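Since the structure comes first, as structure tokens, the remarks are kept for the end.
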Amino acid sequence: MKNLFYKIYMLGFMALTVFFIYIIWEVTFAHIIEEYYGRERALEIGQIVEQKKHEATKTSFEKIILESDEKIKHYLGYKILEERRIKGHFHHIGFQIGPDKRSYCVDCHGDMPHDHIKELRAFLNMHAFFVGCETCHVKLEGAQKTRVYKWYDRTTGELVESPVKGSAPGAYKAKIIPFERVDGKLQRIDSEDRMAFSREYREKEKSLSQAQKSRAKKLIHKIVSKQPAICEDCHQKEASLLPLADLGYPKERIDSIMSTEVVGMIKNYTKFYMPRMLHPGEELPKVEEKKAVKSEI
Amino acid sequence: MKVSLPYLKSYLLLFLSIPFLIFSSPGSASAADIGNCLLCHKYPGMSRVDEEGKFRLFFINESIFNNGVHAKVKCEGCHTDITEIPHKPAKKVDCLVECHIVEPSSEKKFSHKSVETDLGQSVHGKIDSAGKSKKYANDFPECKDCHDEPLYRPLSFFKKVRPGISEASLGRCRVCHKKDEFIYRFYNHVTTRLHKSRNPINIAEVCARCHNDSQLVERHGLSTKAVFSYGETFHGKAARFLDERIPDCLDCHVNKGESAHQMLSHKNTQASTNDMNRGKICSNIDCHPNASPKLATYNVHAEFNLKQSPAQYFFTVFFIVLTGGTLLPLMGIILLDLIRRFFPNAVIKRRK
Numbered sequence: 001m002k003n004l005f006y007k008i009y010m011l012g013f014m015a016l017t018v019f020f021i022y023i024i025w026e027v028t029f030a031h032i033i034e035e036y037y038g039r040e041r042a043l044e045i046g047q048i049v050e051q052k053k054h055e056a057t058k059t060s061f062e063k064i065i066l067e068s069d070e071k072i073k074h075y076l077g078y079k080i081l082e083e084r085r086i087k088g089h090f091h092h093i094g095f096q097i098g099p100d101k102r103s104y105c106v107d108c109h110g111d112m113p114h115d116h117i118k119e120l121r122a123f124l125n126m127h128a129f130f131v132g133c134e135t136c137h138v139k140l141e142g143a144q145k146t147r148v149y150k151w152y153d154r155t156t157g158e159l160v161e162s163p164v165k166g167s168a169p170g171a172y173k174a175k176i177i178p179f180e181r182v183d184g185k186l187q188r189i190d191s192e193d194r195m196a197f198s199r200e201y202r203e204k205e206k207s208l209s210q211a212q213k214s215r216a217k218k219l220i221h222k223i224v225s226k227q228p229a230i231c232e233d234c235h236q237k238e239a240s241l242l243p244l245a246d247l248g249y250p251k252e253r254i255d256s257i258m259s260t261e262v263v264g265m266i267k268n269y270t271k272f273y274m275p276r277m278l279h280p281g282e283e284l285p286k287v288e289e290k291k292a293v294k295s296e297i
Numbered sequence: 298m299k300v301s302l303p304y305l306k307s308y309l310l311l312f313l314s315i316p317f318l319i320f321s322s323p324g325s326a327s328a329a330d331i332g333n334c335l336l337c338h339k340y341p342g343m344s345r346v347d348e349e350g351k352f353r354l355f356f357i358n359e360s361i362f363n364n365g366v367h368a369k370v371k372c373e374g375c376h377t378d379i380t381e382i383p384h385k386p387a388k389k390v391d392c393l394v395e396c397h398i399v400e401p402s403s404e405k406k407f408s409h410k411s412v413e414t415d416l417g418q419s420v421h422g423k424i425d426s427a428g429k430s431k432k433y434a435n436d437f438p439e440c441k442d443c444h445d446e447p448l449y450r451p452l453s454f455f456k457k458v459r460p461g462i463s464e465a466s467l468g469r470c471r472v473c474h475k476k477d478e479f480i481y482r483f484y485n486h487v488t489t490r491l492h493k494s495r496n497p498i499n500i501a502e503v504c505a506r507c508h509n510d511s512q513l514v515e516r517h518g519l520s521t522k523a524v525f526s527y528g529e530t531f532h533g534k535a536a537r538f539l540d541e542r543i544p545d546c547l548d549c550h551v552n553k554g555e556s557a558h559q560m561l562s563h564k565n566t567q568a569s570t571n572d573m574n575r576g577k578i579c580s581n582i583d584c585h586p587n588a589s590p591k592l593a594t595y596n597v598h599a600e601f602n603l604k605q606s607p608a609q610y611f612f613t614v615f616f617i618v619l620t621g622g623t624l625l626p627l628m629g630i631i632l633l634d635l636i637r638r639f640f641p642n643a644v645i646k647r648r649k
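Here's what the structure looks like:
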């Protein structure tokens, strides 16, 4: 027995010695070797990084804000503010939300997909941050229509409880997704089948002919309505598109969303800046044409 | 989980200050959002890609903004071209604009205009002393290259020196002053200015954006990647441990009583880093008052590489080799001895 303990003691001692040998090697010779190669590699990487910096068009919200490596910690004494850094951005961001891993729309259209209407694009992108694309771009009709909307986790894609209470407005880790009725059963619109089809298309896109691509795109966008929902579909007290109370919005938030301030501003925007909003795709008559029309009248 | 002491301290302070932050932060009370801009701009996803393909984020984090030095400045104070809501895409902010705040000592409208003059005459100015544009003028910094929204870093001096607002101090303020919003703002403003407005490591990080860029360093013929070599020093390592008292870049490179915008080239005889004045940096009353001027003659920004400082490089390599060369054989002998003890009768038979 004594001999056994002695052997175990010896083994422990040997393990400790080997561990020390490893540590000493790491901080001495390995350090010199690593530093030598590291310097050469750093120079190469530095050149590549600089080159990439100029080439890259990092315009994805996900890449810049949600997955950015450029983190910064502000040591304020009483607290540490950790946030992502955007070069040249003055105001602090101070929030951390994971990217939307579920949405297959984002794969092709990006997470800032709205850029056609100059004055509206930031508003639409703001909504796209917590409202799934299908919420506005799919209009379910007839038996498919359910008026059921739920929240899904941006990272896992799983359905979750409403994140609205206790979060800053719009800063949710979840997004709203509509449900459709298929064979009498409720089913989320971003079903596994649709996701799989879309992602398979992305994988095989390069090997497809133009005709095949066109057909695949048509199938993917089959559920997309020609005219998306507009601001006033939700920002109205009567028959709002989204059942905000069911989605966990407290009364004061609903009142704010439906308030005169918000609704009035939407009207102003529509009237002054976005007359096309209600008629997307239509060309507006030019100023001269307008004048001509008036004079004709 | 490994938690370093400074972090632990910060977390503890944060935990202790939670009730205070919740119940007594000036927060929304000090908001200058008269135009109700936050109706839209409070949403994090408020963003777009501009015509040049650049990402633009229009989100304002209200709680953070209200703890910054501009909390009392109305949005329109900086974004002067926005005169109505809804508004068209805003122009780039001119930091030198006169805002609605009145500077109390001169009773004139406040402006950062004087900073432009200081910066222009400093080592970071784009124009040289002959009035010509410097080479690689685009490399020289503009306001937002160094500054994001400055945040308050209040101090407490009551009994214990710790960061954060002291409730005891506020009690004294309330004897004479009645508006809490004023008291918080004044306290924050004054105590933030009584120490470094940024932690030394944050200062170093700002300088590193340019001074650690090896291509920029090479382009301008600078002798070192300054922040990297600062990180190699005792001061740099202490800064990593969030020591507030440790000198950062500005402590040595800016003359006492002047601002970072007045930093001069070491070739300028007025510069604190000029050979004639370097001795005074270390021996100043706040650092090493009894130090000999010779203390400042050592190579502060040594990178210990072969090209820049061969003596230090070989000295370092020698000691590394000496340490490894001594300890590794010693450990090897101990290991062999242990193996012998483990297998006392083992014999390696020689081939005949």
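Each protein sequence line maps, in turn, to chains A and B.
Heads up, the first sequence is in the numbering used here, so the first residue is 1 and it goes up one at a time.
Heads up, the second sequence is in the numbering used here, so the first residue is 298 and it goes up one at a time.
Idealized CB from N, CA, C, for every residue including glycine.
Note that the structure is predicted; figures quoted are calculated from it, not measured.
For E541 (chain B) against E600 (chain B), the beta-carbon gap comes to about 26 angstroms, at or over 8 angstroms, which does not count as contact. C-alpha of T380 (chain B) to C-alpha of C372 (chain B): approximately 10 angstroms in a straight line. The Cβ of T380 (chain B) sits no closer than 7 angstroms to any Cβ of chain A. By the Cβ criterion, the segment 210-230 of chain A is in contact with the segment 125-138 of chain A, since at least three pairs of Cβ atoms, one from each stretch, lie closer than 8 angstroms. With the rule of 3 Cβ pairs closer than 8 angstroms, the segment 629-640 of chain B does not count as touching the segment 31-40 of chain A. S526 (chain B) sits in a helix when the DSSP states are folded into three classes.
Contacts between T620 (chain B) and chain A, judged by CB atoms closer than 9 angstroms, involve I24, V27 and T28 in chain order.
Proximity of the segment 170-185 of chain A to the segment 89-100 of chain A meets the contact definition, three or more beta-carbon pairs being nearer than 8 angstroms. The C-beta of H235 (chain A) comes no closer than 7 angstroms to any C-beta of chain B. From the beta-carbon of D115 (chain A), the residues of chain B found nearer than 8 angstroms are R345 and V346. Judged by beta-carbon spacing, I177 (chain A) lies beyond the 7 angstroms limit of D193 (chain A), meaning their Cβ atoms are not closer than that value. Judged by beta-carbon spacing, R459 (chain B) lies within the 7 angstroms limit of S453 (chain B), meaning their Cβ atoms are closer than that value.
Rounded to whole angstroms, the separation of the alpha carbons of D583 (chain B) and I80 (chain A) is 26 angstroms. For the C-beta of H137 (chain A), not a single chain B residue is nearer than 8 angstroms; the gap to the nearest is close to 17 angstroms. For R102 (chain A), the closest alpha carbon among the candidates A:V138, A:R85 and A:Y152 is that of A:Y152. Considered as a whole, the segment 386-430 of chain B harbours no complete run of any beta strand (DSSP E) with no fewer than 3 residues. A residue is called buried when at least 16 other Cβ atoms come within 10 angstroms of its Cβ; V487 (chain B) does not meet this threshold and is exposed. For K7 (chain A), the C-beta contacts it makes with chain B under 9 angstroms involve F639, in order along the chain. H74 (chain A) carries a strand assignment under DSSP once its states are collapsed to helix, strand and coil. The C-beta distance from V551 (chain B) to S569 (chain B) rounds to 7 angstroms, short enough to meet the 8 angstroms contact threshold. Interface annotation for the segment 424-442 of chain B against chain A: K441 and D442, criterion Cβ-Cβ distance under 8 angstroms. With fewer than 16 neighbouring CB atoms inside 10 Å of its own CB, V472 (chain B) falls in the exposed class.
If you look at Q512 (chain B), you'll find it isn't in any beta strand (DSSP E); it sits in the alpha helix (DSSP H) that goes S511 to R516. Near chain B, meaning a CB-to-CB distance below 8 angstroms, the residues of the segment 254-266 of chain A are E261, V262 and M265. With a threshold of 7 angstroms between beta carbons, H91 (chain A) makes contact with chain B. Chain-order list of chain A residues neighbouring Y481 (chain B): empty, with the shortest C-beta distance near 13 angstroms, by a criterion of under 8 angstroms.
The Cβ of D445 (chain B) sits closer than 7 angstroms to at least one Cβ of chain A. Using a CB distance cut-off of 7 angstroms, Y340 (chain B) counts as an interface residue toward chain A. Every alpha helix (DSSP H) of 4 residues or more that sits fully in the segment 229-265 of chain A is shown, in chain order, as 231-234 and 251-257. With a cut-off of 8 angstroms on Cβ pairs, the segment 582-598 of chain B is not in contact with the segment 496-515 of chain B, counting fewer than three such pairs.
In summary, C108 (chain A) is exposed, with fewer than 16 beta-carbon neighbours lying within 10 Å of its beta-carbon over all protein chains present. Taking a contact to require three or more Cβ pairs closer than 8 angstroms, the segment 159-166 of chain A and the segment 245-258 of chain A qualify as touching.
Taking 7 angstroms as the CB threshold, F19 (chain A) stays off the interface with chain B. Distance from the Cα of V597 (chain B) is smallest, within the candidate group B:F538, B:T566, B:S589 and B:Y527, for B:Y527.
For the pair I8 (chain A) and T613 (chain B), the Cα-to-Cα distance works out to about 40 angstroms. When A:E40, A:L241 and A:S256 are compared, the shortest CA-CA separation from T146 (chain A) is found for A:L241.
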